[in-house]
Amino acid sequence: MCGIVGIMSRSNVVERLVEGLKRLEYRGYDSAGVAITTDNLIDRRRAAGKIINLEAELAKNPLNGNKGIGHTRWATHGEAHAHNAHPHSSDKVAIVHNGIIENFADLKKDLQEKGHTFESETDTEVVVHQITDFLTTNNDPLLAVKQTLKKLHGAFSLVIIFKEYNDLMICTRSGSPLVLGYSEEDIYVGSDALALAAWTQDLVYLKEKDLAVIKDEGQHFSVTIYDEQDIIVERPHHQSRLNIDAVNKGSYNHYMLKEIYEQPFVIGETFNSLVENSTHVPHVIRETLTQLPLAEVNRIAIIACGTSYYAGMTAKYWLESYAKISVDVDIASEFRYREPLITQYDLVIFISQSGETIDTLSALRLVKEQNVKVASILNMPESSMARESDYVIQTQAGPEIGVASTKAFTCQLLTLAMITLQAAHAKGHLSTKKLEEELNTLLHLPSKILNVLQHDEAIQEISKQFVEKRDVLYLGRGTNYPIALEGALKLKELSYIHAEAYPAGELKHGPIALIDHQLPVVVLAPYDKWFEKTLSNVQEVIARGAYVVAITDTKGAALFKNQGMKNTHIIEIPIENHMLVSPIAYSIPMQLLSYYTAYFKGTDVDQPRNLAKSVTVE
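Just so we're aligned: the sequence shown equals residues 441 to 1058 in this note's numbering.
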């Protein structure tokens, strides 16, 4: 959600702060700001809206300083207005903050009674005044920060600079990630590695409750890290593998469209990362998957949020069908607040693009407390979940900048399909010969996705029919029901059109009451064992005047045409139905339909309103 950048340097940091903030735009934000400290002065510039507004403010009122902090804010307390934008400051300190201070109201009341005056509606400003209050008493910045931290409840990361201590920057994390970056001359702080990728690959990830003191020693910058027990510790350095060139749009209008078209490549890369000699027979599944205790488990629990949750729902169908393993799928924010029954005979799989999703991470920690082994499917190798999991399966989607997930989702699906095959083989339900056949089918998935992408122009034309609509209904059965859910989510995220998805068999249990000539209905209908039933549902929808978009394969398309259905547009997916392949392939039209509807409607495709890529607060 909120993005943080901090820099200690020998040269002006303002342009770099803004550049770092631009790399954090994908996290979602509604205002931005920077502050510098120099010559016993704190100076800042803030603006509501996009970073271009902050740049305009800096053009009118330039800043110059060698030590500074920057922030993109996603509003939680107080409207999206410049006076609520970070950094927040007093006459002694300036702060940027990611997270939520849960007890801010009580702290604010106490501080107001002491005479502190607040300028914003944010929870962050209480931290500013609390540190200021302690500084007034003891004039020791490190002690003032430590005393303040003892008063704060919630999940947060903070970076703090001081008016009277221009040589000092203090940062800390509690439930919200923070990373230090080291270059030959400078020290950087960021919410994630992507923010720092242009300047350094030498990273140190702060652990939970760590506090780092960055100090200008004259000839060099020193970094001292204190752990939760206030003991000085060394944290390991990691070499980032992020490629800054991977986050350019190239010739595409939006990151999302670029990422949709990258899917044949990244799906192939993900397959290659899980299978040795992937282009040769026999295929050999790598240790990444064979190390999972799949032969011993009685049950698998899959826990995730949003799009990743729909990937987990799809995997439930696969695992129960192929591997005969009972599977439960939970939304992380629900799982962590009930009393889940997890045993040592279970395997718990967490799915997250960022590896920092707060509810998923908290659920992981809850399971770890019960001494149960956990595996995580992640797209970001340098994440909190990666460091805290027993097993990590890394997708190869690469940086995903568009807020609406596309390539990360299909790579998650492929990874879950591979886990399914390994589990079925380990359990004795899939012979070596049959495993080889299934792997060969998945090997050719990239070319199948390329064929689906050939329908781009046809989907563009269909999307124009959706632009003025207020509601859209999606229907699917079996493995394509979660894909229908994902399609509805994408459309509402990007175009702000209300969309819902239902199992097609539930149509007569309520949703049919909504059907009329104003409601488009998107039906995912591969030629599978449910096809005839789905076809009957489509007839019921058409009889009530709805416009239908039917996404089906070649056999299904022929049967649709034989029915002579009016007011129906058919998108023919040129592949045979396959339980593992179809949900991945049918995801592509869902993505394109949502993208082009939003594009023609004129919404912000890459950064939809109110949304964040990485949800790091509850």
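Just so it is clear, CB atoms sit at the ideal spot from N, CA and C, and this is done for glycine as well.
| query | In terms of DSSP beta bridges, what is LYS507 paired with? | reply | The partner list for LYS507 (beta bridge, DSSP) reads MET448.
| Coil, strand or helix - ASP789 by DSSP | Looking at the sequence provided, one finds Ile at residue 789 rather than Asp. Shown here, ILE789 sits in a strand according to DSSP, grouped into three states.
| query | Are HIS957 and GLY985 closer than 8 Å when you measure CB to CB? | reply | Yes, they are a contact pair.
| Short Cβ contact (8 Å threshold) for LYS1060 with LYS873 | An answer regarding residue 1060 cannot be provided, because it is not within the stretch 441 to 1058 covered by the chain.
| request: Label GLN1047 either buried or exposed according to how many other C-beta atoms from any shown protein chain fall within 10 Å of its C-beta, with 16 as the threshold for buried. | output: By the neighbour-count criterion, in which a residue is buried when 16 or more other Cβ atoms sit within 10 angstroms of its Cβ, GLN1047 is buried.
| message | Mapping the DSSP letters down to three states, classify THR860 as helix, strand or coil. | response | Collapsing the DSSP output to three states places THR860 in a helix.
| message | Under 8 Å, with one C-beta from each stretch per pair, do the region 517-533 and the region 552-568 reach the 3-pair mark? | response | Yes, the region 517-533 touches the region 552-568.
| Backbone CA spacing between VAL788 and HIS677 [nearest angstrom] | Answer to the nearest angstrom: the Cα atoms are 29 Å apart.
| task | From the DSSP output, in three-state form, read off LYS1059 for me. | result | Not covered by the structure: residue 1059. The range shown for the chain is 441 to 1058.
| field | Which of helix, strand or coil DSSP assigns to TYR469 | value | TYR469: coil per DSSP, three-state reduction.
| Uninterrupted beta strand (DSSP E) stretches inside the region 567-620 (no shorter than 3 residues) | Segments of the beta strand (DSSP E) lying fully in the region 567-620: 594-602 and 608-614.
| Unbroken beta strand (DSSP E) runs of length 3 or more, entirely within the region 819-880: which are they? | DSSP runs (the beta strand (DSSP E)) wholly in the region 819-880: 831-834.
| message | Would ILE791 and SER845 be called neighbours here (beta carbons separated by less than 8 Å)? | response | Cβ atoms of ILE791 and SER845: not closer than 8 Å.
| task | Thinking PHE775 and ILE798 are a contact (beta carbons under 8 Å), I'd like their distance in whole angstroms, please. | result | No, PHE775 and ILE798 are not in contact; Cβ-Cβ is about 13 Å, not under 8 Å.
| task | Could you tell me if ALA998 is buried or exposed, where buried requires 16 or more neighbouring beta carbons within 10 angstroms of its beta carbon? | result | Under this definition ALA998 is an exposed residue.
| What is the DSSP secondary structure of CYS737, counted as helix, strand or coil? | Note on identity: in this sequence residue 737 is Val, with Cys being the wrong assignment. Note: VAL737 maps to coil in three-state DSSP.
| query | Going by C-alpha distance, which of TYR628, ASN811, VAL644 and ASN493 is nearest LYS1059? | reply | Nothing about residue 1059 can be read from this structure; the chain reaches only from 441 to 1058.
| GLY918 - DSSP class collapsed to helix/strand/coil | Coil, per DSSP.
| said: Does TYR692 come out as helix, strand or coil in the three-state DSSP assignment? | reply: In the structure shown, the three-state DSSP call for TYR692 is coil.
| task | Please confirm if the region 850-864 is in contact with the region 660-674, defined as three or more CB-CB distances below 8 Å between the two stretches. | result | With the rule of 3 Cβ pairs closer than 8 Å, the region 850-864 does not count as touching the region 660-674.
| query | Is GLU796 buried or exposed, if buried means 16 or more other CB atoms sit within 10 Å of its CB? | reply | Label assigned to GLU796: buried.
| task | Compute the Euclidean distance between the alpha carbons of VAL843 and ALA864, then round it to the nearest angstrom. | result | VAL843 and ALA864 have their C-alpha atoms spaced approximately 34 Å apart.
| query | Relative to the alpha-carbon of LYS1041, which residue among THR754, GLU648 and SER935 has its alpha-carbon at the smallest distance? | reply | Closest option to LYS1041, Cα to Cα, is SER935.
| task | Label ILE492 either buried or exposed according to how many other C-beta atoms from any shown protein chain fall within 10 Å of its C-beta, with 16 as the threshold for buried. | result | Only exposed fits ILE492, as fewer than 16 other CB atoms lie within 10 angstroms of its CB.
| field | Contact set for LEU1033: own chain, Cβ-Cβ below 6 Å, skip 5 residues either direction | value | Answer for LEU1033: ILE899 and SER903, listed in chain order.
| query | Can you tell me whether DSSP reads PHE906 as helix, strand or coil? | reply | Reduced to three states, the DSSP call for PHE906 is coil.
| request: Would you be able to state if there are at least three C-beta pairs under 8 Å between the region 768-783 and the region 1019-1036? | output: Three or more beta-carbon pairs separated by less than 8 Å are not found between the region 1019-1036 and the region 768-783, which leaves the two stretches without contact.
| task | Could you pull out every residue in the same chain whose Cβ sits closer than 8 Å to the Cβ of PHE661, ignoring the five residues on either side in sequence? | result | Around PHE661: MET448, ASP626, ILE627, ILE654 and LYS655.
| For GLY1004, the three-state DSSP class (helix, strand or coil) | Looking at GLY1004 - three-state DSSP - the assignment turns out to be coil, as it is neither helix nor strand.
| message | By the DSSP assignment, the beta strand (DSSP E) with GLU940 in it spans what residues? | response | Residues 938-943.
| request: Say yes only if the C-beta of SER887 is nearer than 7 Å to one or more non-hydrogen atoms of the ligand FAD, and no if none qualify. | output: Ligands in the displayed structure: none, and consequently the ligand FAD is not present.
| Along the chain, which unbroken stretches of the beta strand (DSSP E) at least 3 residues long are found entirely within the region 921-986? | Listed in chain order, the complete beta strand (DSSP E) runs (minimum 3 residues) inside the region 921-986 are 938-943 and 960-964.
| field | Segment contact, 8 Å Cβ cut-off, at least three pairs: the region 912-920 with the region 939-947 | value | Segment contact: the region 912-920 against the region 939-947, three or more CB-CB distances shorter than 8 Å; contact assigned.
| query | So ILE627 is in the beta strand (DSSP E); what residue range does that whole segment cover? | reply | Where ILE627 is concerned, the enclosing beta strand (DSSP E) stretches over 627-630.
| field | Cα-Cα separation, PHE460 to ALA545 | value | Reading off the sequence, residue 460 comes out as Gly, not Phe. Our two residues, GLY460 and ALA545, have alpha carbons roughly 32 Å apart in a direct line.
| said: Given this structure, state the Cα-to-Cα distance separating ASN480 from PHE705, to the nearest angstrom. | reply: Going by the C-alpha atoms only, they are around 52 Å apart.
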